[in-house]
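Engineer: Mind having a look at this structure? Questions to follow.
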Amino acid sequence: MPKWDEEFFIEKGLLLTAVSSIIIIALIILFVFKEGIPAIESTGFFSFLFGMDWAPTKGEYGIFPMIIGTLGITVLSLLMAVPLGVFCAIFLAEIAPSAMRKVLNPTIQTLAGIPSVVYGFFGLVLLVPFMRLQFGGTGFSMFTASVILTVMILPIIVSVSEDAFRSIPLEYKEASLALGATHWQTIKNVIFPAAIPGVITSVILGMGRAIGETLAIIMVAGNVVQIPSSIFDPVRALTSNIAIEMGYATGIHYNALFATGIVLIFMIIVLLVIANYLHYKKKVTMGGGYL
Amino acid sequence: MHRIIPPKISQKIMTGVFWASGLLTIAILLVIIGYVLLKGLPVVNLEFILGDPIDSGRSGGIFPFIMSSIYVTLLAVLVATPLGVGAAIYLSEYAGEGKLVKLIRFGSETLASIPSIVFGLFGLAFFVIYLGFGWSVLSGGLTLALMALPTILSASEVSIESINKSYAEGSLALGATKWQTIYRVVIPAALPGISTGVILGMGRAIAEAAAVLYTVGAALMIPTSLMDAARPLPLHLYILATEGLSMDNAWGTAAVLVLMILIITVVTNTLVDRYRKKMMGR
């Protein structure tokens, strides 16, 4: 039965393409760990993660200030992007007239597609001098970086939350309106609570993007390895550390940068596990961008 | 519930707040795109697009970088499309809901969320050093393929799953085998969605700089083979800006990138619109 054979091989071939993502992830983890582990071994797990000094010339590899830098930038940008993004999503799903939606949706898609380097350049040329004038210092700071990141993660939060608001059954809304609630009361008491898992997913995805962003942050954050005492201090993120120093790193220094990559992979996997735990079946909208 | 503000008033206030956040989001985008185009477009002319860079890009054009971008992006899409579409067909047409499928989904989600600089690390350790491809179009393109894969996979899967089941059932009832049905009925019907996914993956590859920073090199010449070093546009912009080589050329490069993304967005939207109309029309 030649037909059966053909079907059989095609199915196995397709299975092979499907398994490719697992193989790739395994390879990435294997190679990043293989190169990174020696640095963690020679520095010691705790003094690598919680060490305060990063001085490759002296052989000190502590990444704690950069963990704080990454988390600080991420939290600040979420504080700005989540309220604006969720409100914008409700606006798109519930309030905007359809003509307006036709303008806003492609707008947000474009916002998602613009290269991060362009945002970084925009920040470097316009935002940094502005911050210098307004708040003093050099203008390169944790705050400047988080403003740029806010713009970058807005599209993810808007598109994924909008999906969540749209997927609420119409009956919920109709029932609430029929009981005499205003549209805002309906949004606040019915639609929003029902959409919370999706909204949280959007926040986690935005967080993942914020943690992973590299070059845009390098261009505006100042990249000083220190624990910031105010949000207007320069900081260095984990990602920036890799990109800045990989060009000339050798020996254990080279390994330490891969070890920084291990920490990043670990952070992302924790976020993904949380997102999966929420059981929100996310829909990838056309043009929804990154996941 | 303490009702401090009467419902009718809170309704009016909140409608205002929603409108404000929608308009603010548009304003932010228009300011950024507008400013980049305003500063960049005066620099962009035929000489800039088709010219060679002079003095490391301080003046002259960006033609080698446009070609670099096209080469690495094409390579990325050529490698990622068969893998992504194949995986999408398997997941939506063959696989059940077993452990393997969960693992595949988790793999593709992880791939989609791993920071681009980590892809860069992997590309450096695996393609550049371990496989010995060096700093080249090949190493950079393959690294970008890994990043484009999950985008193509998920968009294709969504589009294949949205195909009306009766199409496939009709074909199977006529005696076609499963693969004949997929090849002749399911894939053609899902093609607009799949192409949207491919274009989105392309957009991701064109825009990426961190992943190619240590995989593709930073050549100033047009690459003539897969093993040549190259310098895609985002990387060129990054080098121009951080080394302070030329602000004018940096704005010009940024404008070219923004125009490319605008074109990609318009094309995907037109495709999706046409697809919707076709599905509604019949």
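The listed protein sequences correspond, in order, to chains A and B.
Residue numbers for the first sequence follow this note's numbering, beginning at 1 and rising by one.
Residue numbers for the second sequence follow this note's numbering, beginning at 1001 and rising by one.
No residue lacks a Cβ here, since even glycine has one placed at the ideal position from N, Cα and C.
1. Alanine 243 of chain A versus chain B: which residues are under 7 Å apart at the beta carbon?
2. What is the DSSP secondary structure of glycine 289 of chain A, reduced to helix, strand or coil?
3. Residues in its own chain within less than 6 Å of valine 225 of chain A by CB, not counting five upstream and five downstream?
4. Along chain A, which residues have their Cβ under 9 Å away from the Cβ of alanine 1207 of chain B?
5. Counting only beta-carbon separations shorter than 9 Å, does histidine 183 of chain A have a partner in chain B?
6. Over what stretch of residues does the alpha helix (DSSP H) that includes asparagine 255 of chain A continue unbroken?
7. Which of helix, strand or coil does DSSP assign to glycine 1060 of chain B?
8. Helix, strand or coil, according to DSSP, for alanine 1229 of chain B in the structure here?
9. Since leucine 1220 of chain B and proline 1053 of chain B are thought to touch, with beta carbons under 8 Å apart, how far apart are those beta carbons, to the nearest angstrom?
10. How is the alpha helix (DSSP H) around glutamine 185 of chain A delimited, first residue to last?
11. I'd like to know whether the C-beta of leucine 13 of chain A is nearer than 9 Å to at least one C-beta of chain B.
12. Output the distance between the C-alpha atoms of glutamate 7 of chain A and leucine 1074 of chain B, rounded to the nearest integer angstrom.
13. Report yes or no: do the stretch 137 to 155 of chain A and the stretch 216 to 234 of chain A share at least 3 C-beta pairs separated by less than 8 Å?
14. Considering just the uninterrupted stretch of the alpha helix (DSSP H) at isoleucine 191 of chain A, what are its terminal residues?
15. Could you tell me whether the Cβ of proline 106 of chain A comes closer than 9 Å to any Cβ of chain B?
16. Which residues, in order along the stretch 1117 to 1134 of chain B, keep a beta-carbon less than 8 Å from a beta-carbon of chain A?
17. Three-state secondary structure (DSSP) at proline 1082 of chain B?
18. Please classify tryptophan 1135 of chain B: does DSSP put it in a helix, a strand, or coil?
19. Could you check whether the Cβ of lysine 110 of chain A sits closer than 9 Å to any Cβ belonging to chain B?
20. Rounded to whole angstroms, what is the Cα-Cα separation between valine 160 of chain A and valine 103 of chain A?
21. Exposed or buried, which one is glutamine 109 of chain A when buried takes at least 16 other CB atoms within 10 Å?
22. Would you decide whether phenylalanine 50 of chain A is buried or exposed? Buried here means 16 or more other CB atoms lie within 10 Å of its CB.
23. Using the Cα positions of alanine 1095 of chain B and alanine 1088 of chain B, report the straight-line distance between them to the nearest angstrom.
24. Would leucine 215 of chain A count as contacting chain B if we go by Cβ distances under 9 Å?
25. Contact criterion: CB-CB distance below 9 Å. Does glycine 212 of chain A meet it with respect to chain B?
26. Within 9 Å of any Cβ in chain B, is that where the Cβ of lysine 34 of chain A sits?
27. What does the alpha-carbon distance come out to for the pair valine 158 of chain A and alanine 1250 of chain B?
28. Count the other CB atoms, across all protein chains shown, that sit within 10 Å of the CB of glutamate 41 of chain A; report buried if there are 16 or more and exposed otherwise.
29. Below 9 Å on C-beta distance, what does methionine 66 of chain A contact in chain B?
30. At a Cβ threshold of 9 Å, is leucine 1037 of chain B touching chain A?
31. Would you call glutamate 1169 of chain B buried or exposed, if buried means 16 or more other Cβ atoms sit within 10 Å of its Cβ?
32. Over the uninterrupted alpha helix (DSSP H) stretch that includes proline 1188 of chain B, give me the two end residues.
33. To which residues of the same chain is threonine 239 of chain A closer than 6 Å at the C-beta, ignoring the five residues directly before and after it?
34. How is tyrosine 248 of chain A classed by DSSP in three states: helix, strand or coil?
35. In angstroms, rounded to a whole number, what distance separates the CA positions of leucine 127 of chain A and threonine 144 of chain A?
36. For alanine 18 of chain A, decide whether its Cβ has a neighbour in chain B, counting only Cβ atoms nearer than 9 Å.
Structural biologist: With the given structure in hand:
1. Ile1117, Ala1210 and Leu1213
2. Residue placement at glycine 289 of chain A is poorly supported in this model, since its pLDDT is 35, which falls under 50; the coordinates are not used for a value here.
3. Trp54, Pro65 and Arg236
4. The answer, in chain order, is Gly113, Ile114, Pro115, Ser116, Val117 and Val118.
5. yes
6. 251 to 277
7. strand
8. coil
9. 6 Å
10. 183 to 186
11. Residue identity check: residue 13 of chain A is glycine in the sequence provided, not leucine. Closer than 9 Å to some Cβ of chain B, the Cβ of glycine 13 of chain A qualifies, so yes.
12. Near 31 Å, if we compare the C-alpha coordinates of leucine 1074 of chain B and glutamate 7 of chain A.
13. As far as the Cβ criterion goes, the stretch 137 to 155 of chain A touches the stretch 216 to 234 of chain A, which means the pair count is three or higher.
14. Here isoleucine 191 of chain A belongs to no alpha helix (DSSP H), and DSSP marks it neither H nor E.
15. yes
16. Ile1117, Val1118, Phe1119, Gly1120, Leu1121, Phe1122, Leu1124, Ala1125, Phe1126 and Tyr1130
17. Assignment of proline 1082 of chain B by DSSP, reduced to helix, strand and coil, places it in the helix class.
18. coil
19. Inspection of the sequence shows that residue 110 of chain A is occupied by threonine rather than by lysine. The beta carbon of threonine 110 of chain A falls within 9 Å of a beta carbon belonging to chain B, placing the residue at that interface.
20. When rounded, the distance between both Cα atoms is 18 Å.
21. buried
22. exposed
23. 10 Å
24. yes
25. yes
26. yes
27. 30 Å
28. Answer is exposed; the Cβ neighbour count stays below 16.
29. Result: empty, since nearest Cβ-Cβ is about 13 Å, beyond 9 Å.
30. Not an interface residue.
31. exposed
32. 1187 to 1207
33. Once the five neighbours on either side are set aside, the close Cβ partners of threonine 239 of chain A are Thr214.
34. Here tyrosine 248 of chain A sits in coil by DSSP.
35. Rounded to the nearest angstrom, the two C-alpha atoms are 7 Å apart.
36. yes
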